[in-house]
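Here this note's numbering = 1-based position in the sequence shown + 184.
Reviewing the structure listed below.
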Amino acid sequence: MRNLETTYLGLPIKNPIVVGSSGLASTIGGIKKLAKAGAAAIVLKSVFEEEIKAEAEQTIGQQLGMDDNNLEFYDYYDYQVKNEVLENYVSLIREAKESVDIPIIASINCSSYSEWVSFAHKIEEAGADAIELNIFKLPFGIKEEAGEIEKVYFDIVRKVKERLSIPVGIKLAPYFTNLGNVIHRLSHSGINGLILFNRFTSVDYDIENDQVITGKVYSNADDYVNSLRWISIASSQAGCDLVASTGIQDYRAMVKMLMAGASSVEVVSAIYKEGAEVIGAMLKELDAWMVRRGVNSINEFKGRLSQGASANPEVFERVQFMRYFSGHKH
Ligand SMILES: Cc1cc2nc3c(=O)[nH]c(=O)nc-3n(C[C@H](O)[C@H](O)[C@H](O)COP(=O)(O)O)c2cc1C
C-alpha cells in the first residue's frame, strides 16, 4: 500500500475514508465492524438538539424558567446527564474509545445555540476525538433574511470554540444565497473542518394512494458532483480541512474529491448498500490508482484539479448549457 495518510478536522488519519454519521455507528458492534473494515475514523449517529433540550429542561429548567436569557447559565452549569438517550451516547463514546484505535467523532444536529453546548462538554469528557455539528434549519420563515440565518452559524462557532478544546467540524447544507462566501468565511472562523455537504431526507408523493411519503434515503453514485464543484472552488483559499460528503460510492469519486482539494471523504450510503467491505475495496482501488499514476502519497495529488490550480478556472463557474451542448446527440 502507498502512504494513504491524510487529515480529518486536522486530526491525522491513516487513510481518507471516514464513516459519516448514521445508524451504522450507533452500536459498539457496528463500530468494531467498520473499524475492522478499514475505516480511518467514525462519526457516531447524531444526538439531536431537541433531545438535549428536553433533558436540560427536565434537569434544571424548573429552577430557572425556560427563557433565552438563561443560555449563558446553561453553558457553565455542569448538569448531570439523566436522560437515557444522552447517557447512552456518553457510554457509546467511552466504549468505542476502548474498543477501537481510530478517532471517534461525536455528532450533534442543531439549528441554534442552546443547551446542547453543555452536553458537548460531556462528549469531550467522555473522550470523543472531535465533534461534528450538523447545523441546519429549513429557512421557511419568509421574513427572515439570509444574513440573519448565516449569523446563527457564526454565533454557534464562536461559542463552541470558546468552550471546547477538541476539534470542531461543521457539516453544511448547500443551501445558502452565497454559498462560496459562507464556506470561505466559516473555514476561517477557527473551526477545524467543513463537511460539504449534508444530504437531507425529502418528501415525495405516492400518487396511487394520495399519500405523502419519505423520499429516497440513500444517495446515488452520481450525486457527488455538487460537492465536487464547491470543494474545487473553495479548497485553495480554505482555512481548514474540507471533507467531501454525499454520493461517494467508489474510489473514483474519492480520488476526484481529493484532487479537488478535500483532505478526506465521508461515506454512508455505499456502506448501507454494499456492506462495510466496500471500504477495503475502495482503499485497494485507490492504492492501485496511485501505483498506476505514479504517486506515493495523498498530498502529492491533493488539490491538483482545484479551481485554484486550474489553467481554465471559468469551467467551474459554468452552469448553463450552451448551444454547443444542446446539440449533443444521444
Ligand atoms: C440512514 C441514514 C441515517 C443518517 N443519519 C444521520 C445523522 O444522524 N446525522 C447526520 O449528520 N447525518 C446523517 N445522515 C446523513 C449522512 O451522514 C450523509 O451526510 C449523507 O447520507 C450523504 O452521504 P452518502 O451519500 O455517503 O450517504 C444519515 C444518512 C442515512 C442514509
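All residues carry an ideal CB built from backbone N, CA and C; glycine is no exception.
Remember, it's a predicted structure, so these values are computed and weren't measured experimentally.
Residue i CB to nearest heavy atom of ligand 1 below 7 Å
i, result
"Y435", "no"
"I352", "The sequence given here places Val at residue 352; Ile does not occur at that position. It does not: the Cβ of V352 is nowhere closer than 7 Å to a heavy atom of ligand 1."
"I432", "yes"
"S490", "no"
"R476", "no"
"E233", "no"
"S411", "no"
"Y402", "yes"
"A454", "yes"
"V451", "yes"
Closest residue to residue i among the options (Cα-Cα distance)
i, options, result
"A454", "S429, S448, S302", "S429"
"L363", "Y408, N267, S275, I417", "I417"
"Q491", "S419, V439, L467", "S419"
"M185", "E498, A472, Q504", "A472"
"G487", "L208, N293, Y402, M438", "M438"
"L188", "A493, S373, A304, N483", "N483"
"I286", "P196, G478, V449", "P196"
"A516", "L208, I292, T191", "Because the chain in this structure spans residues 185 to 514, residue 516 falls outside the shown range and cannot be described."
Nearest-angstrom beta carbon gap, residue j and residue i [assumed within contact, 8 Å]
i, j, result
"V203", "L218", "5 Å"
"D406", "G431", "7 Å"
"A357", "F384", "7 Å"
Close-in-space but distant-in-sequence residues of the same chain around residue i (CB under 7 Å, 5 per side omitted)
i, result
"K216", "S283, V284"
"L193", "A314, P351, G353, N376, G377, D425"
"I319", "C294, S295, Y337, I340, I354"
"V462", "A454, I455"
Contacts around residue i, its chain only, beta-carbon distance under 8 Å, and the 5 residues preceding and following it disregarded
i, result
"S296", "E233, K321, V336, I340"
"R413", "F500"
Cross-strand partners of residue i (DSSP beta bridge)
i, result
"N293", "F232, N318"
"P196", "T191"
"V274", "For V274, which the question treats as bridged, DSSP gives no partner whatsoever."
"S481", "N187"
"V352", "I315"
Cβ neighbours of residue i in the same chain (closer than 6 Å, five flanking residues each side left out)
i, result
"I397", "D388, D390"
"L467", "N199, G222"
"N253", "Unreliable positioning characterises N253 in this predicted model, as indicated by a pLDDT of 46, which lies under 50. The coordinate reading is nonetheless provided below. Excluding positions up to five away in sequence, the list is empty."
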